[in-house]
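The sequence shown: position 51 = 51 (this note's numbering), numbered continuously.
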Amino acid sequence: MSSCDLSGPIPTIQDDLVFLEKLNLANNQLNGTLPETIGNLVYLSYFSIQNNQISGTLPSSIGELTNLLYCNLGNNMLSGTLSQTLSSLNIVYFDLSFNQFE
């Protein structure tokens, strides 16, 4: 769903999406915060939301995505400090550039 001119907030992740392995929402006009329920996507290996207007802090539940290998959150308005839970992930590619982290 990359570059589909989507707008608005990312909705709460529903239980029927729990087996999702790839989520690409890059290059849209999404805003609001990442829902805490992102941690429910335990099979997710690819997650990309770069080039949107996502704000707020990273939810701590992102540390529960133990299968995550690729994560691009670049060019948003994310802020705050990074959670210690991120250090337990085995991510191969992790882009947080062009945000407002401390």
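The C-beta atom is built at its ideal place from N, Cα and C for all residues, glycine as well.
For residue i, which of helix, strand or coil comes out of DSSP?
i	result
aspartate 5	coil
glycine 111	In this structure the chain extends from 1 to 102, so residue 111 is not present and cannot be described.
asparagine 51	coil
glutamine 84	helix
asparagine 24	strand
leucine 78	strand
asparagine 99	coil
asparagine 40	helix
leucine 17	helix
asparagine 31	strand
Take residue i and list the residues in its own chain whose beta-carbon comes closer than 6 Å to its own, dropping the five residues that flank it on each side.
i	result
asparagine 76	Asn52, Ile54, Asn99
leucine 65	Leu44
So is residue i buried or exposed if we call it buried at 16+ other beta carbons inside 10 Å?
i	result
asparagine 28	buried
leucine 17	exposed
serine 48	buried
glutamine 50	buried
Apart from the five residues on each side of it in sequence, which residues of its chain come closer than 8 Å, Cβ to Cβ, to residue i?
i	result
isoleucine 91	Leu68, Leu69, Tyr70, Cys71
tyrosine 93	Leu69, Tyr70, Cys71, Asn72
serine 2	Asn24, Leu25, Ala26, Asn27, Asn28, Ser48
State the CB to CB distance for the pair residue i and residue j, rounded to an integer number of angstroms; the pair is presumed to be in contact (CB under 8 Å).
i	j	result
leucine 41	proline 59	Not really, about 12 Å apart at Cβ, beyond 8 Å.
leucine 25	glycine 8	With 8 Å as the limit, leucine 25 and glycine 8 do not qualify as a contact, their Cβ atoms being about 11 Å apart.
glycine 74	leucine 89	Actually they are not in contact, since the Cβ atoms of glycine 74 and leucine 89 sit about 17 Å apart, beyond 8 Å.
leucine 86	phenylalanine 101	With a Cβ gap of about 11 Å, leucine 86 and phenylalanine 101 do not count as contacting.
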